[in-house]
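Start counting the sequence shown at 0; every next residue gets the next number (numbering that gives the first Met the number 0). We treat Cβ as the ideally placed atom computed from N, Cα and C, and that holds for glycine. The next block holds one structure in the form of structure tokens; read it before the comments.
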Amino acid sequence: MSAVYDVVGVGNAIVDVIKSVPDGFLIEHDIRKGGMTLIDQPRALQLSKLFGTDARFVAGGSGANTIAGVTSFGGKTGYIGKVAEDALGRYFRKAMEKVEIDFPTASLEKGPGTARCIIGVTPDGERSMNTYLGASTEFTDEDVDAEMIKQGKILYLEGYLFDKPEAKKAFVHAAEIAKAANRRVALTLSDSFCVDRHRESFQHLIRGHVDVLFANEAELLSLYETQDFNKAVQLLRKDAYAAAVTRSSKGSVVITPEEVISLPAEPVKKVVDATGAGDQYAAGFLFGYARNRRVRDCAKLGHIAAAEVISHYGPRPEVSYRQLAAKHGLL
């Protein structure tokens, strides 16, 4: 079957609620800085009230952000994830349609509301995320669009989806469909605390189903329970076919069976909001990988996208990645 899509994503469908806050706000309201904390609905309502009406709403979710980035490079994309039939769910669906991402998953008619990630951005650009998973956790095997997966060159899986058994089962099912159709499978570990919760499952998936792994340095160290980066890289080389590990301002390390390549980050005048940096790095890399580019160029595309997204608020591109790539001679 010929491919229709460059990348098809599977993950949580979330609306981000973003606001600039001082460090004291995090301390006062017991928000863990720099990570992602799962919260329940009462806590989500409490934080939403604290953020007030001047917070910014953006269609988000790690995997969905990456898919939006691939689209900005000029890729054809699809996304599979669950929203509720409510105001936030309709907002998310319209946002996906606006950037021409195919989003066929039926909305949840009864049950929890659409997922939201309440993000406090401190003056240093660090983001502290509080995530109510809501309707996204009602994702099951029935929501896995097998035909869309078969029509994608790459299936991109979001690690956050592992946080509920039924969603995890659907996640693995999607990977099996892709492998049976001879499609490539990519996985992002999403968060070091997510790795702590699902370490063995991730290791099993990486060894048996994954062609390209995405992680940041903290996630990689958590995966192998070590503080030695070089040791973790060597262990990953034994498990993964290919991987890209981001190291913030240090750039990224691309790992293949043949070599380990370190590439510098793209310079940025000012980090405004680090939200989505890893997501957009993955977008650039995946776009290049889908178009059979050298892994070195895939990483360069990733750094271009990451640099753009951290220069403004929000996790998705505000300028065309395709134009930026062309300026760098990568298209």
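Simplified DSSP state of residue i, which is helix, strand or coil
{"i": "residue 242", "result": "strand"}
{"i": "residue 99", "result": "coil"}
{"i": "residue 0", "result": "coil"}
{"i": "residue 183", "result": "strand"}
{"i": "residue 221", "result": "helix"}
{"i": "residue 5", "result": "strand"}
{"i": "residue 132", "result": "coil"}
{"i": "residue 205", "result": "helix"}
{"i": "residue 110", "result": "coil"}
{"i": "residue 191", "result": "helix"}
{"i": "residue 313", "result": "coil"}
{"i": "residue 323", "result": "helix"}
{"i": "residue 138", "result": "coil"}
{"i": "residue 232", "result": "helix"}
{"i": "residue 124", "result": "coil"}
{"i": "residue 10", "result": "coil"}
{"i": "residue 214", "result": "strand"}
{"i": "residue 119", "result": "strand"}
{"i": "residue 88", "result": "helix"}
{"i": "residue 105", "result": "coil"}
Test item: CB-CB of residue i and residue j under 8 Å
{"i": "residue 261", "j": "residue 280", "result": "no"}
{"i": "residue 173", "j": "residue 154", "result": "yes"}
{"i": "residue 223", "j": "residue 189", "result": "no"}
{"i": "residue 285", "j": "residue 65", "result": "yes"}
{"i": "residue 264", "j": "residue 254", "result": "no"}
{"i": "residue 239", "j": "residue 212", "result": "yes"}
{"i": "residue 83", "j": "residue 112", "result": "yes"}
{"i": "residue 228", "j": "residue 218", "result": "no"}
{"i": "residue 289", "j": "residue 243", "result": "no"}
{"i": "residue 267", "j": "residue 310", "result": "yes"}
{"i": "residue 184", "j": "residue 156", "result": "yes"}
{"i": "residue 200", "j": "residue 138", "result": "no"}
{"i": "residue 75", "j": "residue 4", "result": "yes"}
{"i": "residue 282", "j": "residue 69", "result": "yes"}
{"i": "residue 178", "j": "residue 2", "result": "no"}
{"i": "residue 56", "j": "residue 90", "result": "yes"}
{"i": "residue 333", "j": "residue 129", "result": "In the structure displayed, the chain extends from 0 to 330; residue 333 sits before or after that span and is not available."}
Cβ-based burial, residue i [other Cβ within 10 Å; buried from 16]
{"i": "residue 314", "result": "buried"}
{"i": "residue 32", "result": "exposed"}
{"i": "residue 150", "result": "buried"}
{"i": "residue 88", "result": "buried"}
{"i": "residue 29", "result": "exposed"}
{"i": "residue 337", "result": "Past the boundaries of the shown model lies residue 337; the chain is included only from 0 to 330, so the question cannot be answered."}
{"i": "residue 126", "result": "buried"}
{"i": "residue 0", "result": "exposed"}
{"i": "residue 249", "result": "exposed"}
{"i": "residue 44", "result": "exposed"}
{"i": "residue 210", "result": "buried"}
{"i": "residue 295", "result": "exposed"}
{"i": "residue 225", "result": "exposed"}
{"i": "residue 307", "result": "buried"}
{"i": "residue 169", "result": "buried"}
{"i": "residue 327", "result": "exposed"}
{"i": "residue 291", "result": "exposed"}
{"i": "residue 293", "result": "exposed"}
{"i": "residue 245", "result": "buried"}
{"i": "residue 206", "result": "exposed"}
{"i": "residue 53", "result": "exposed"}
{"i": "residue 67", "result": "buried"}
{"i": "residue 86", "result": "exposed"}
- Query: Quick one: any contact between the region 106 to 121 and the region 11 to 20, if contact means 3 or more CB pairs under 8 Å?
  - Reply: yes
- Spell out a yes or no on whether the region 123 to 135 and the region 95 to 102 are touching, meaning 3 or more CB-CB pairs, one atom from each, closer than 8 Å. no
- Message: Counting beta carbon pairs with one atom in the region 141 to 149 and one in the region 68 to 83, are three or more of them shorter than 8 Å?
- Response: yes
- Kindly confirm or deny that the region 232 to 239 and the region 266 to 274 touch, where touching means at least three C-beta pairs closer than 8 Å. no
- Message: Please give me, in chain order, every unbroken run of the beta strand (DSSP E) with length at least 3 that falls completely inside the region 14 to 86.
- Response: 35 to 37, 55 to 59 and 76 to 79
- Identify every run of the beta strand (DSSP E) within the region 234 to 307, keeping only runs that are complete inside it and at least 3 residues long; order them along the chain. 241 to 245, 251 to 254 and 259 to 262
- Pairing CB atoms from the region 292 to 305 with CB atoms from the region 315 to 328, are three or more of them under 8 Å? yes
- Message: For the pair the region 1 to 9 and the region 55 to 71, tell me if three or more CB-CB distances fall below 8 Å.
- Response: yes
- Task: Could you tell me whether the region 19 to 35 touches the region 184 to 200, where touching means 3 or more Cβ pairs closer than 8 Å?
- Result: yes
- Query: Curious, which full-length alpha helix (DSSP H) runs of at least 4 residues does the region 151 to 184 contain?
  - Reply: 164 to 179
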